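Numbered continuously in the working numbering, the sequence shown closes out at residue 390. Cβ coordinates follow ideal geometry from the N, Cα and C atoms, glycine included. Here the structure is a predicted model, which means the values were calculated and not measured.
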Amino acid sequence: MQAVQIRYDWTIEEINEIYNTPLLELIYRAASAHREYQDTAEVQVCTLLSIKTGGCSEDCAYCPQAARYNTGVNVQALMKKDEVMDYARKAKQAGSTRFCMGAAWREVRDNRDFDRVLDMVKGVNEIGMEVCCTLGMLTEDQAKKLADAGLYSYNHNLDTSDEYYSEIITTRTYDDRLQTLDNVRKAGVTVCCGGIIGLGETHEDRINMLKTLATMPKHPDSVPINALVRVEGTPLSHLPKVEMWDMVRMIATARILMPATMVRLSAGRTEMSLAEQALCFMAGANSIFAGDKLLTTPNPSFDEDNMMFQLLGLKPREAFKDEKAAMSVEF
Ligand code: SAM
Ligand code: DTB
Ligand code: SF4
60 MQAVQIRYDW
70 TIEEINEIYN
80 TPLLELIYRA
90 ASAHREYQDT
100 AEVQVCTLLS
110 IKTGGCSEDC
120 AYCPQAARYN
130 TGVNVQALMK
140 KDEVMDYARK
150 AKQAGSTRFC
160 MGAAWREVRD
170 NRDFDRVLDM
180 VKGVNEIGME
190 VCCTLGMLTE
200 DQAKKLADAG
210 LYSYNHNLDT
220 SDEYYSEIIT
230 TRTYDDRLQT
240 LDNVRKAGVT
250 VCCGGIIGLG
260 ETHEDRINML
270 KTLATMPKHP
280 DSVPINALVR
290 VEGTPLSHLP
300 KVEMWDMVRM
310 IATARILMPA
320 TMVRLSAGRT
330 EMSLAEQALC
340 FMAGANSIFA
350 GDKLLTTPNP
360 SFDEDNMMFQ
370 LLGLKPREAF
380 KDEKAAMSVE
390 F
């Protein structure tokens with residue numbers, strides 16, 4: 060029997076205790092859980108592409124793509140499939156196994172643009188990459204259409220706690236978010252759901268968000284932990300930089316609560332040294348976004364990350380690994 064069990068009934072008290080464990084002890088515990096459930100030499104390499112940029116009607120206080128903030132992000136209509144495919148091929152060649160397409164939409168609408176996204180999903184799936192999308196709110200029917208087109212994963216973040224949510228976003232509710240996640244799950248698409256730290260939230264808010272994630276009927280398949288990228292023009296641009304110790308604490312706690320999940324060291328890596336990122340991997344992070352741009356903000360280049368992988372002895376995780384493992388059990 061494994062020493063670390065997968066649990067869905069975590070209490071706030073338990074999570075609070077884990078989160079507040081002295082840091083080195085916390086990292087040790089997380090690293091132990093990591094070893095039990097994951098190949099610690101492997102890191103999943105995902106590449107993001109903003110297929111529709113800016114002009115979003117939502118008021119997410121962190122986001123450079125919200126139309127109402129003056130951030131200098133140029134509005135760009137939905138990209139053409141050929142162009143998207145070029146990016147996807149380049150990402151694959153550079154070692155990425157998951158390709159995530161993001162659109163600055165409040166929600167998906169049943170129109171021609173959605174049909175074009177379905178076609179992109181099909182195309183990227185056909186070149187053997189795990190396809191992920193983040194397009195805002197979805198109905199169950201839309202989630203099914205994406206699944207039929209070959210979508211592997213859907214990213215939809217909770218961002219923060221239920222209690223703090225209305226301080227950050229007023230144009231939708233936490234329940235709207237949870238409903239979309241439910242629709243995604245029902246369609247058989249894997250769930251990528253995490254949050255951002257550095258929005259002015261308390262430690263209690265972080266713990267509450269982790270509780271929501273770790274007590275879902277099934278843990279998200281991946282949990283991105285983002286450090287706020289402070290973009291001038293957004294209401295949160297004046298907030299202090301996220302302390303890397305907070306990032307490590309958050310990653311380690313997520314790893315202990317959800318040992319079988321991919322925990323992604325997401326936005327914020329340009330402000331972290333190699334040593335700081337290494338500590339995050341030690342604490343259980345096993346996925347990154349690679350390529351010199353996230354959606355609209357900078358990210359370390361493929362070359363820089365390849366060097367980091369060499370230095371730390373890490374290797375990229377192959378695509379569809381869980382499916383391949385499941386198939387080999389069947390034979
Ligand atoms: N519009 C869709 C939505 O909100 O779900 C998809 C795109 S949205 C940009 C995807 C995620 O990016 C957000 O949920 C948020 O977690 C993250 N994000 C956006 N701006 C960020 C920032 N400045 N720093 C860190 N993460 C950010
Ligand atoms: C996630 O959790 N982080 C990514 C991805 N999912 C879509 C987005 C980060 C965006 C950072 C700000 C930007 O580049 O616009
Ligand atoms: Fe729009 Fe998504 Fe940005 Fe919110 S996070 S403003 S929904 S693009």
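Let me confirm a value: residue i is counted as buried when at least 16 other C-beta atoms fall within 10 Å, else exposed. Which label applies?
{"i": "MET306", "result": "buried"}
{"i": "TYR67", "result": "exposed"}
{"i": "SER395", "result": "Outside the displayed range of the chain (60 to 390) lies residue 395, so it cannot be described from this structure."}
{"i": "GLY161", "result": "buried"}
{"i": "MET366", "result": "exposed"}
{"i": "GLY350", "result": "buried"}
{"i": "PRO318", "result": "buried"}
{"i": "GLU76", "result": "exposed"}
{"i": "SER109", "result": "buried"}
{"i": "GLN152", "result": "exposed"}
{"i": "GLN64", "result": "exposed"}
{"i": "GLY253", "result": "buried"}
{"i": "GLN369", "result": "exposed"}
{"i": "ASN170", "result": "exposed"}
{"i": "ILE228", "result": "buried"}
{"i": "ASP364", "result": "buried"}
{"i": "THR232", "result": "exposed"}
{"i": "GLU84", "result": "exposed"}
{"i": "ILE71", "result": "exposed"}
{"i": "THR230", "result": "exposed"}
{"i": "LYS204", "result": "buried"}
Would you identify the three-state DSSP class for residue i, choosing helix, strand or coil?
{"i": "LYS111", "result": "strand"}
{"i": "ARG280", "result": "In the sequence under discussion, the amino acid at residue 280 is Asp, which differs from the Arg named in the question. Coil, per DSSP."}
{"i": "PHE158", "result": "strand"}
{"i": "LYS352", "result": "strand"}
{"i": "VAL132", "result": "coil"}
{"i": "PHE390", "result": "For PHE390, the predicted model reports a pLDDT of 44, less than 50, meaning its position is unreliable and no value from the coordinates is stated."}
{"i": "TYR213", "result": "strand"}
{"i": "LEU197", "result": "coil"}
{"i": "GLU101", "result": "strand"}
{"i": "THR106", "result": "strand"}
{"i": "ILE65", "result": "coil"}
{"i": "GLU166", "result": "strand"}
{"i": "MET321", "result": "strand"}
{"i": "VAL250", "result": "strand"}
{"i": "CYS339", "result": "helix"}
{"i": "LYS300", "result": "coil"}
{"i": "ASN285", "result": "strand"}
{"i": "LYS204", "result": "helix"}
{"i": "ILE7", "result": "The requested residue 7 does not occur in the structure, where the chain is confined to residues 60 to 390."}
{"i": "VAL190", "result": "strand"}
{"i": "LYS52", "result": "Limits of the chain in this structure are 60 at one end and 390 at the other, which puts residue 52 out of reach."}
{"i": "ASP118", "result": "coil"}
{"i": "LYS140", "result": "helix"}
{"i": "ALA344", "result": "coil"}
{"i": "ALA125", "result": "strand"}
Rounded to whole angstroms, how far is the Cβ of residue i from the Cβ of residue j, which I believe are closer than 8 Å?
{"i": "ALA150", "j": "THR106", "result": "4 Å"}
{"i": "GLY292", "j": "TYR128", "result": "5 Å"}
{"i": "TYR213", "j": "VAL243", "result": "4 Å"}
{"i": "GLY195", "j": "VAL167", "result": "6 Å"}
{"i": "ILE255", "j": "THR219", "result": "7 Å"}
{"i": "ALA284", "j": "LEU316", "result": "The sequence shown places Ile at residue 284, rather than the Ala named in the question. Not quite, the Cβ-Cβ distance comes to about 12 Å (not below 8 Å), so this is no contact."}
{"i": "THR320", "j": "VAL282", "result": "5 Å"}
{"i": "LEU237", "j": "VAL250", "result": "Between VAL250 and LEU237 the Cβ distance is about 11 Å, and since that is not below 8 Å, they are no contact."}
Who are the near neighbours of residue i in its chain, counting only those whose CB is closer than 6 Å to its CB and skipping five residues on each side?
{"i": "ASN79", "result": "none"}
{"i": "ARG314", "result": "ALA89, ALA92, HIS93, VAL322, GLY343"}
{"i": "PHE390", "result": "Any reading at PHE390 needs caution, since the residue's pLDDT is 44, under 50, leaving its predicted position unreliable; the model's value is listed next. Nothing meets the Cβ criterion."}
{"i": "ALA208", "result": "LEU177, VAL180, LYS181"}
{"i": "ALA384", "result": "none"}
Could you name the residues of the same chain whose beta carbon sits closer than 7 Å to that of residue i, not counting the 5 residues immediately before and after it, in chain order?
{"i": "GLY182", "result": "LYS140, MET144"}
{"i": "LEU353", "result": "LEU107, ALA326"}
{"i": "ALA136", "result": "LYS111"}
{"i": "GLY257", "result": "ALA286, LEU287, LEU298, VAL301"}
{"i": "TYR223", "result": "GLU260, ASP264"}
{"i": "ALA62", "result": "GLU95"}
{"i": "GLN97", "result": "ASN345"}
Ignore the nearest five residues each way along the sequence and tell me which others in residue i's own chain have a CB closer than 8 Å to its CB.
{"i": "ARG157", "result": "GLN103, VAL104, CYS105, THR106, MET188, GLU189, VAL190, CYS191, TYR211, SER212, ALA378"}
{"i": "LEU338", "result": "ILE86, MET303, VAL307"}
{"i": "LEU373", "result": "ALA100, GLU101, VAL102, PHE340, MET367"}
{"i": "ASN184", "result": "VAL190, ALA208, GLY209, LEU210, TYR211"}
{"i": "ASN133", "result": "THR112, GLY113"}
Tell me, please, whether the CB atom of residue i is closer than 8 Å to any CB atom in chain C?
{"i": "MET188", "result": "You won't find chain C in this structure, because it holds only one protein chain."}
Any residue with its C-beta under 6 Å from a non-hydrogen atom of the ligand SF4 counts. Can you list them all in chain order? In chain order, the residues positioned with their C-beta nearer than 6 Å to some heavy atom of the ligand SF4 are CYS115, GLU117, CYS119, CYS122, GLN124, ALA125, ALA163, ARG165, GLY195.
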